[in-house]
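In the numbering used here, the protein residues as written are 24 to 366. Inspection log for the structure reproduced underneath, given as structure tokens.
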Amino acid sequence: MSQNTSPTFIAFVASLVAAFLSSLGLGILTLNIAAVIINFIAVLVVCYLVFSYLLKAFIHDRIKLIYKNIYRFKTESGKGYGVLDEKERDPIGAVGKEVVEWMIESRKEVKELKQQENFRREFLGNVSHELKTPIQNIQGYIHTLLDGALDDKKVNRIFLNKAAKSTDRLVEMVNDLTSISTLEDSSSLDIKDVDLLKLTQDVFEMAEDQAKLKEITLAFNKNNPKSVVVKADLAKVRQVLVNLIVNAIKYGKKGGKVTVRFFDMDKNILTEIADNGFGIEAEHLPRLFERFYRTDAGRSRDQGGTGLGLAIVKHIIESHNQTINVRSTIGVGSTFAFTLKKG
Ligand code: ADP
């Protein structure tokens with residue numbers, strides 16, 4: 024039977040068959056054409072009315088209940104009720120369509136849940152792995168000191184300094200983890216007009232000492248747009264600039280330069296942070312913004328890196344519904360570019 028067969032059509036065909044058979048019987052018995060015609064019409068009409076009523080009552084009412092239940096499960100709150108149109112010609116088809124839609128949605132949800140579960144597992148694994156190294160270092164140095172090294176003037180300060188360095192790393196990592204979890208918790212941004220030029224200047228001042236240690240110059244490009252005011256969350260954009268500028272210094276070469284450039288892009292302001300440092304190999308670029316991803320774990324840890332800085336940056340820019348990307352050439356340097364809506 025065709026998928027589009029409606030209860031009324033079924034009732035009509037069944038009534039036609041009943042009218043034909045009963046008229047045939049009557050015709051054979053009475054040989055009266057008038058009686059056969061009257062019987063045919065009467066049986067057709069009565070059967071059609073009865074069949075269509077019964078079919079509708081039977082199918083429609085039951086399907087209506089199924090439809091309602093499907094709809095209730097489909098709606099997130101579980102409180103909604105779907106109402107099957109009384110005039111729906113094909114209630115079974117309508118329910119079939121709902122079931123297929125429901126199945127697709129459920130599959131999507133299951134896939135997302137599985138991805139989240141994998142992500143959670145991977146994240147927990149990464150966190151414990153990253154915390155383990157400094158904790159084991161601290162444990163090792165303290166036990167060595169307690170076992171006698173404390174009285175050895177040649178090494179006691181060295182071990183204490185190393186333990187203190189590992190403690191700093193732990194604090195830095197916990198701070199970054201806290202940032203990530205608060206970013207995830209708070210969907211609300213405190214959007215105001217933010218002057219990127221002024222903010223970058225503040226960040227330059229904050230990073231001045233670090234830059235001096237590597238003899239790195241912090242500069243703006245010469246031709247800035249007249250205004251670089253954007254609509255953004257000041258504290259969060261500050262964190263973006265801090266993370267990108269500090270990275271540019273950390274991974275920049277001695278005596279190098281970090282340049283911040285602004286471009287007017289009609290509705291947005293594009294900000295670029297460019298360094299002329301080590302650069303990043305192309306194979307790493309697609310994964311650079313993932314949590315704990317480092318191109319060179321050893322070197323990054325030596326620089327005091329947690330591998331969370333760029334993940335935080337991406338999170339912040341995307342929460343403003345904007346984008347961030349990176350381009351880089353080994354030995355030439357890297358440029359991180361993000362957009363923000365003009366103020
Ligand atoms: P980290 O705390 O390790 O610096 P990030 O998330 O900030 O973590 O950066 C991830 C990795 O990306 C770094 O470990 C480093 O390998 C690479 N990276 C980030 N910024 C730069 C840059 N400006 N130049 C070269 N490599 C960079």
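By construction, the Cβ of each residue, glycine as well, lies at the ideal position given by its N, Cα and C atoms.
Hey, how far is the Cα of Lys120 from the Cα of Val36? The alpha-carbon atoms of Lys120 and Val36 are separated by roughly 25 Å.
Buried or exposed: where does Val194 fall if 16 or more other Cβ atoms within 10 Å of its Cβ makes it buried? Its Cβ having fewer than 16 others within 10 Å, Val194 is exposed.
Note down, in chain order, each residue of its chain lying with its Cβ closer than 7 Å to the Cβ of Arg350, except the 5 sequence neighbours on either side. Cβ contact annotation for Arg350 (same chain, cutoff 7 Å, sequence separation greater than five): Thr358, in chain order.
Pick helix, strand or coil for Lys102, following the three-state DSSP scheme. Summary for Lys102: the model assigns pLDDT 48, below 50, so the residue's position carries little reliability, and this model does not support an answer.
How would you call His343, buried or exposed, if buried means at least 16 neighbouring beta carbons within 10 angstroms? Buried, because 16 or more other Cβ atoms sit within 10 Å of the Cβ of His343.
With Thr53 as the anchor, note down where its alpha helix (DSSP H) starts and where it stops. Note, Thr53: alpha helix (DSSP H), Pro30 to Thr53.
Around the Cβ of Ser100, are there at least 16 other Cβ atoms within 10 angstroms (buried) or fewer (exposed)? Caution applies to Ser100, whose pLDDT of 47 falls short of 50 and renders its modelled position unreliable; the value that the coordinates give is listed next. Exposed, since its Cβ has fewer than 16 Cβ neighbours within 10 Å.
Which of the three DSSP states, helix, strand or coil, is assigned to Ile353? Residue state, collapsed to three classes: coil.
Does the beta-carbon of Ala42 have 16 or more other beta-carbons within 10 angstroms, so that it is buried, or is it exposed? Counting Cβ neighbours within 10 Å, Ala42 comes out buried, since at least 16 surround it.
Pick helix, strand or coil for Asn291, following the three-state DSSP scheme. DSSP places Asn291 in strand when its eight states are reduced to three.
Specify, as a first and last residue, the run of the beta strand (DSSP E) that Ala242 falls within. For Ala242, the enclosing beta strand (DSSP E) stretches over residues Thr240 to Phe243.
Neighbourhood of Val226 by C-beta, 6 Å cutoff - its chain only, sequence neighbours within 5 removed: Cβ within range, chain order: Leu264, Val265 and Ile268.
Verify whether the separation of the beta carbon atoms of Ala34 and Leu78 is less than 9 Å. Contact annotation: Ala34 and Leu78 have beta-carbon atoms nearer than 9 Å.
List the residues that DSSP assigns as beta-bridge partners of Arg284. Arg284 is bridged to Glu295.
Bridge-paired residues (DSSP) for Asn348: Looking at the DSSP output, Asn348 sits in a beta bridge with Ala360.
What's the gap between the Cα of Ile347 and the Cα of Asn149? Their backbone Cα atoms lie some 24 Å apart in a straight line.
Please determine whether the Cβ atom of Ser377 lies at a distance below 8 Å from any heavy atom of the ligand ADP. The requested residue 377 does not occur in the structure, where the chain is confined to residues 24 to 366.
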